[in-house]
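For reference, the structure is listed below as structure tokens.
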Amino acid sequence: ITTEESFEVWKGTEDISEGFIPWTIIPLPPGFTKNKQHVIGQTIFLDVEMEGKLDHLVPVCYDLSCKNSSILVYRYSNKTWHNLQVNFLEEGTSNLWKFAYNSHFSQISERYTETITLRAGDFNMDGYPDLLVTLVHDVRGTDIKSFLLENVPCKTTCSEFSRTFEVRWNTLSPYNNNTVLGVFYDFLQDGVLDIIFVHNKPTYNVSAYRNTNNYDANFVKVMVVTGLNNTDHPLAVGPLTKSAGVYGTNLPGPKVFYVTTNQEGDPTSAVATQMPQSAHFTLNLPYTIFGLGRTPNFIDSLTVQVYGKDRQWTQLIPNSQMVVIPWPIEESYKWKVQLFVTPSKLIFQSVLALLATCVVISLIIAGLYWKERKEDHLERLQDAHKFHFDAM
């Protein structure tokens with residue numbers, strides 16, 4: 001919870017009836033006070049370094065006009081804030097961009113800019129979460145766009161943090177022109193994240209950007225639902241609903257954690273939460289997608305935790321889409337899961353390569369067989385000719 005003087009962290013209890021209890025207080029970043037001569041955006045929790053632990057990210061502005069925009073991350077291990085040093089100066093130009101924030105000082109009045117909100121998703125399926133954020137040109141205040149911030153290794157001024165975000169200025173161009181909002185969504189249900197754009201006034205039209213980049217990477221997609229149904233309004237009984245399952249709605253807050261082995265044989269892990277935010281039109285994904293890169297290995301284990309209860313599944317196939325039904329909550333061993341497998345392009349390529357190999361081998365065998373028959377035919381002709389002279 002963001003307050004005027006600090007961030008309050010409330011911990012959920014195993015007993016649902018007890019709700020949440022205060023756990024710890026995080027001070028505001030250095031240089032930030034409650035006099036509100038700055039802007040603090042909406043918190044988001046991400047596993048930025050893919051180490052199996054959640055990091056506390058906050059978009060901030062050091063001035064009310066947001067000319068000095070930054071993304072800060074809080075290290076729980078040493079209780080310090082780190083600046084990720086995101087460069088908002090457009091590459092190859094002198095154009096400075098900043099967070100789009102609706103205030104009298106910034107002279108921005110567009111809808112959906114009442115607070116600074118980061119929206120996360122693994123756009124390039126490399127395992128590291130990327131961001132979508134709305135920026136506005138510092139001079140041309142009407143030039144507003146939603147940009148992709150790619151999670152990349154930090155090269156300089158990294159302090160104790162090994163990752164940062166880099167603005168991809170042209171990746172979404174020109175589809176992101178005059179957009180006030182961008183969110184991730186998997187339109188084709190194939191594990192590849194696309195983007196929904198909301199354009200600026202007066203119409204606030206909605207458009208979609210399809211992610212057609214051929215990453216050929218594996219993924220695992222997990223959706224945790226409530227497992228509840230509406231007894232007052234049950235489904236109508238008919239040929240289309242006799243075998244249909246009722247799983248409830250998407251549950252906010254479950255933690256999903258996985259462990260696997262990469263191509264080098266080293267163990268890797270990552271963690272994420274499903275729908276961790278609810279305010280300011282966040283439009284988070286109703287499921288969790290982990291990019292696995294090009295590793296063909298099985299997922300060693302995947303753990304889902306809900307209300308302090310958890311269950312683990314092992315040896316999952318990559319490119320799986322899982323629907324977890326944590327019901328009853330108190331008895332995790334009864335939780336159910338439905339698994340849907342999406343074949344990878346690599347599998348189809350392997351099948352085609354195998355078929356091509358079989359065709360080549362068949363042609364070689366056929367050629368050798370034809371050559372042998374020809375030689376046998378010549379030998380028979382020679383034998384017949386020899387017999388004819390012997391008979392004389």
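If you're matching positions, the sequence shown starts at 1 in full-length UniProt numbering and goes up one per residue.
Glycine is no exception: its CB is placed at the ideal position from the N, C-alpha and C atoms.
Going by the DSSP bridge assignment, what does Met322 pair with across the sheet? Val222, Leu339
According to DSSP, is Thr357 part of a helix, a strand, or is it coil? helix
Exposure label - Ser146; buried when at least 16 CB within 10 Å: buried
Whole-angstrom distance between Asn68 and Asn87, CA atom to CA atom: 10 Å
What residue range does the beta strand (DSSP E) around Ser146 cover? 144–153
Let's test the definition: count the other Cβ atoms within 10 Å of the Cβ of Phe257 and tell me whether it reaches 16, buried, or not, exposed. buried
For Leu316 and Val220, believed in contact at Cβ under 8 Å, the rounded distance: 7 Å
With DSSP as the reference, label Tyr74 as helix, strand or coil. strand
Could you check whether Met275 and Val192 sit closer than 8 Å to each other, using their CB atoms as the reference points? no
Given this structure, state the Cα-to-Cα distance separating Val73 from Asn176, to the nearest angstrom. 27 Å
Quick one, are the C-beta atoms of Tyr112 and Leu172 less than 8 Å apart? no
Determine the burial state of Ala384: buried for a count of at least 16 other Cβ atoms within 10 Å of its Cβ, exposed for fewer. exposed
Could you give the residue range of the beta strand (DSSP E) that holds Ala270? 267–273
Paired residues, beta bridge with Ala279 - DSSP: In the DSSP output, where bridge partners are listed per residue, Ala279 has none listed.
With C-beta atoms as the reference, is Ala270 less than 8 Å away from Gly127? yes
Tyr76, buried or exposed, once every other Cβ within 10 Å from all chains shown has been counted against 16: exposed
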